[in-house]
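This report concerns only the one structure given below.
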Amino acid sequence: MNDLLIRVLSEINANIRTDFALFDENGKMVFGRESFGKNANEKGILLAGKSYTLKAALSKEQLEDFCFLIESIVKSRYDMELAAFIRGKPSLVSDFPFPSGLILIQNEVFCCTPNDSSFQGGDVAVNSNLTDKTREFVEEAFEEGIVVHIDNILALILPIEDRNELREAAEALYQTLAEEVSEKTAISLGGIAGSQAELCRAFVNAQKALEFACGKRFGVMSYAEMPLELIISQLSPEIRSEYKNEIDFESFDIDTLSTIRVFLDCNLHIAEAARKLYIHRNTLIYRLDKIYAMTGLDLRDFNDALKMKIYLILHEFF
Amino acid sequence: MAGVIFKHINKVYPGGVKAVVDFDMEIKDKEFVVLVGPSGCGKSTTLRMVAGLEEISSGELYIGDKLVNDVSPKDRDIAMVFQNYALYPHMNVYDNMAFGLKLRKIPKAEIDGRVKEAANILGIENLLDRKPKALSGGQRQRVALGRAIVREPQVFLMDEPLSNLDAKLRVKMRTEIAKLHDRLQTTFIYVTHDQTEAMTMGSRIVVMKDGYIQQVDTPQNIYDHPANTFVAGFIGSPQMNFIDAALTREGDTIYVAFEGIKLPIPDGVAKKLDLSYVGKEVVLGIRPEDIHDEPAFLDYFPEYCFSVLVDIIELLGSETFLYLTLGQYSLIARVDPRSTAKVGDNIKIGFDMNKLHLFDKETTKRILE
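First to last, the sequence lines map onto chains A and B.
Counting from 104, one number per residue, gives the positions in the first sequence under our numbering.
Counting from 16, one number per residue, gives the positions in the second sequence under our numbering.
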C-alpha cells in the first residue's frame, strides 16, 4: 500500500508550497527531495498506520502544525481511496495486498436503521466520536492490518488467508474491545478475498449481516451463517407479520424458550442439548413432548424444527 | 484485592425478559465463588454485569468499596477469561499476554517482568515465542489465564473457561485453576453449568435458576442440605431420587409412606423436621449412594427395606448403578460392584434414613433443618 501513500502525498505536494521529505523507520527516504538548508527540522509522523519521520524547512512550531495537517489529509484521502476500492469504484489504489481477510466492525452506537420501515433496530443513537477509540485500538492490535472508515463502519483488512484464523482474530478483537475499550461491537466476517471483485462482494455481504443484526445481536457473525435471517429480512413486512404471531413465545417460560434455542443450536442432537441445558435426556424428551403439545411442532422432526427456527427469527428480529 | 458486593441486582432486557432477579450477596476478598445453573439461569449475565459488559437494570454493585454500576470495564480492575480464549492469531504468546499492558502504556521492563512471572506460574515459559495455532487447547487456555494474570486484577472473572477442552484436560485444568487461586490469593468468580466443576473448585457455590439465586453455601452443605428440590436434583450425579410421599405418626414414631411402603424416620432426623408436615404430602429425596442392597445393611436395618424390580445394571468397575422400578417411580442406586443383582430380579433394597431429604410438595423447599 506504499504506492497509494506516495500518490496521496504527491497530490498534497502539488497543492502546497512547502517542500518536505518523508523517511521510513530505517531512515530511507520514501518521498520528496532532501534539498533543505540547515534550518530544516524533523518530526515523527504516523501515516496509514506506520511511523515515519517528516523533514521540512520549517520552525519546530510550524512543523508540528504541518505534520498535523499532513496526517489529517492523508488519513481522509487514504480512507476515501480505499473505501472506493473496496466498493469496486475507481480509485488510486494499485497495490492492494491480495489475498486478504476482511472484517467489518460496528459499534453499538453506530447501528443504523435499514430502509425497511418495519425494522425495529433504529433505537440506537449515532455518534461518530467513538470510532476514534475503536480505530486506535484496532490499529494497535493489528499493526500489519489496514483500517478504513466507511460510513460508520470500520473495515479491517488483514494479511490472513485462512477463514478459521480470521474468525479467531475477530473473536479476540470482539472480546478485547469490550474489555479494554469498553465498547460493545458487532463484528461481521467478510471472508477471504483474492481480487477486488471478491473484496467488494465480501464487503457487501458482511455489511448486510451487520445491518440485519443492528442493535439486536452483538459478537462475531458471518453472512454465510445467516441465510435464513437474511432471506426473511427480504420478505415484505406483510408476509412477515402473517407468520410472526404463529407461536406466542411471550407465553413461554424461560425453561421452554431455552430448551427450544439450545436444541436448535445443537442441531437437534438430544444428548448434546441435554448436556448444555444440564438436564437428563429424559427430561429434555419430556420438554420436547410438551413443546409439541403446545405448538404442534415436534422439534425432533427436521421440517418442524425449521419452522420453529423461522418463527424464532421472526420473534427475535422483527 | 477486593470483595464484590451485589445489592439487590436486577437485569431486565428490553421486552421485559428478567435475566437476573434480586441477586443479593457478598463475595469476600480472596474467595473462590462458583455460579452454577442450567443454561438461561442468569449466571453469565451476572458475571457480565460484574465485568461491565451488561448494564445493571437496578441495584448496586461494589468492587471493594467502590460503586461500579457506571464504571467502564477497563476501569473496574477486573480480568476476564472466556471459553474461547480470545487470543490474537497473529501475535505470539508473549505479545498476546503483553497486549493489554501495552495499551495501558505500562513501561516495557515492567511488562516483561509481569509476562515472564505469569508464564512461570503457568509453566508456559517455553511457549512464549509460539503463535496460538501452534498450541494445544490446554496451552491456549493457560495463555488466556496468563493474559488475565499479568493485569494483576482485584477480581478474576471466568466464564465457562474449560468448556472447550476435552474431559481429561478439563479435570487437569480445574485442579490447576484451583491451585492458581491458592497461589494468587485473589477473588475468583467462576461460571459453569458443570456441577462437578462447581463442587470441586468453589469455596462457595451459588446455584441459580430462572434468574433467581436458589442457594448459596459451601459445596458440602449444598450437597448435604439442598435448599429445594431443584438444588437437590442439580447437584449430584446421578441425580437425587424423588418420590411423592406422606408423613404419618404412630405413637412417638414418624413414618414416611409411599407406594404402599412405610419407613420409620430415625429420631435424630425427626427432631429436625417441621412437625406441622405430619399428616401432609411431601417429596422424599434420597441420593443414589444412600440406597443399599448389601446384606449387612439389609440385616442391620430391616425396617428400612423393601422390594424393587431391577431394570438395568450399569457396571462401572469401581461402582455399579442399578436402575430400579418402584411402582410408578424409577430409582437409581449406586451400589458396591460386588452386588449380585440381576436384570429382571425383584431385590431387597434399603434407604439410609439418616440421609433422608424431605421437601414441601408445593413450595419444593427443604423441610428438614
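Quick reminder that beta carbons are idealized off the backbone N, C-alpha and C, glycines included.
Being a predicted model, the structure only gives us computed values, none of them experimental.
For L371 of chain B, there is no enclosing beta strand (DSSP E), as DSSP marks it with neither H nor E. Around the CB of Q343 of chain B, fewer than 16 other CB atoms lie within 10 Å, so the residue is classed as exposed. In this structure, the straight-line span from the alpha carbon of K148 of chain B to that of R119 of chain B is close to 26 Å. For I260 of chain A, the secondary structure class from DSSP, reduced to helix, strand or coil, is strand. M324 of chain A places its beta carbon 8 Å or farther from that of A275 of chain A. Runs of alpha helix (DSSP H) with 4 or more residues, each lying fully within the stretch 145–222 of chain B, are found at 152–164, 182–199 and 210–216, listed in chain order. Taking CB atoms only, S54 of chain B has a neighbour in chain A less than 8 Å away.
With its beta carbon at least 8 Å from every one in chain A, K370 of chain B lies outside the interface. Collapsing the DSSP output to three states places E304 of chain B in a helix. Rounded to the nearest whole angstrom, the CA to CA distance from L205 of chain A to G293 of chain A is 5 Å.
Within chain B, no residue has its CB atom less than 7 Å from the CB of S354 of chain A, the nearest being about 13 Å off.
Taking the Cα of G300 of chain B as reference, the smallest distance to any Cα among B:L341, B:T335, B:K370 and B:G266 is reached at B:K370. Neighbours of F97 of chain B in chain A, taken as residues at a C-beta separation under 7 Å, are given in chain order as Q278. DSSP places H418 of chain A inside the alpha helix (DSSP H), whose first and last residues are F405 to F420. For V241 of chain A, not one C-beta of chain B is nearer than 8 Å to its own C-beta. Taking CB atoms only, H208 of chain B has a neighbour in chain A less than 8 Å away.
Taking 7 Å as the cut-off between beta carbons, the residues of the stretch 67–90 of chain B near chain A are G67, L68, S87, P88 and K89, in sequence order. Comparing C-alpha distances from K376 of chain B to each of B:P310, B:A261 and B:G275 shows the shortest one belongs to B:A261.
Neighbours of G115 of chain B in chain A, taken as residues whose beta carbon is under 7 Å from its own, are E283 in chain order. Against chain A, a Cβ distance below 7 Å from D225 of chain B picks out I357.
Assigned with DSSP and collapsed to three states, C320 of chain B falls in strand. For I253 of chain A, the closest of A:F188, A:D265 and A:E301 by C-alpha to C-alpha distance is A:F188. Listed in chain order, the beta strand (DSSP E) runs fully inside the stretch 142–197 of chain A are 144–150 and 153–159, counting runs of at least 3 residues. Per DSSP, F139 of chain A lies in no beta strand (DSSP E) segment and is marked neither H nor E. The alpha-carbon of D235 of chain A is positioned some 28 Å away from that of E301 of chain A. The beta carbon of I256 of chain A sits closer than 6 Å to those of L207 and Q209, all from its chain and outside the five residues before and after it, given in chain order. Within the same chain, and ignoring the five residues on either side of P53 of chain B in sequence, the residues whose Cβ sits closer than 8 Å to its Cβ are H208, K224 and F249.
At a beta-carbon threshold of 8 Å, none of the residues of chain B lie near Y155 of chain A; the nearest stands roughly 21 Å away. In the three-state reduction of the DSSP assignment, Y344 of chain B falls in the strand class, which pools E and B. Taking 8 Å as the upper bound for CB-CB distance, G18 of chain B and T202 of chain B are in contact here, some 6 Å apart.
In this chain, the alpha helix (DSSP H) harbouring Q278 of chain A covers R266 to T279.
Cα atoms of I416 of chain A and E332 of chain A: separation of roughly 7 Å, rounded to the nearest angstrom.
In the DSSP assignment, P330 of chain A falls within the alpha helix (DSSP H) that extends over P330 to Q337. Cβ-Cβ distances below 7 Å link A143 of chain A to K158, A159 and A160 in the same chain, with the five nearest sequence neighbours on each side left out; the list follows chain order. Contact check between the stretch 255–271 of chain B and the stretch 76–96 of chain B: fewer than three CB pairs, one atom from each, fall below 8 Å, which does not count as touching. Proximity to K33 of chain B across B:D80, B:I71, B:L330 and B:L143 peaks at B:I71, based on C-alpha coordinates.
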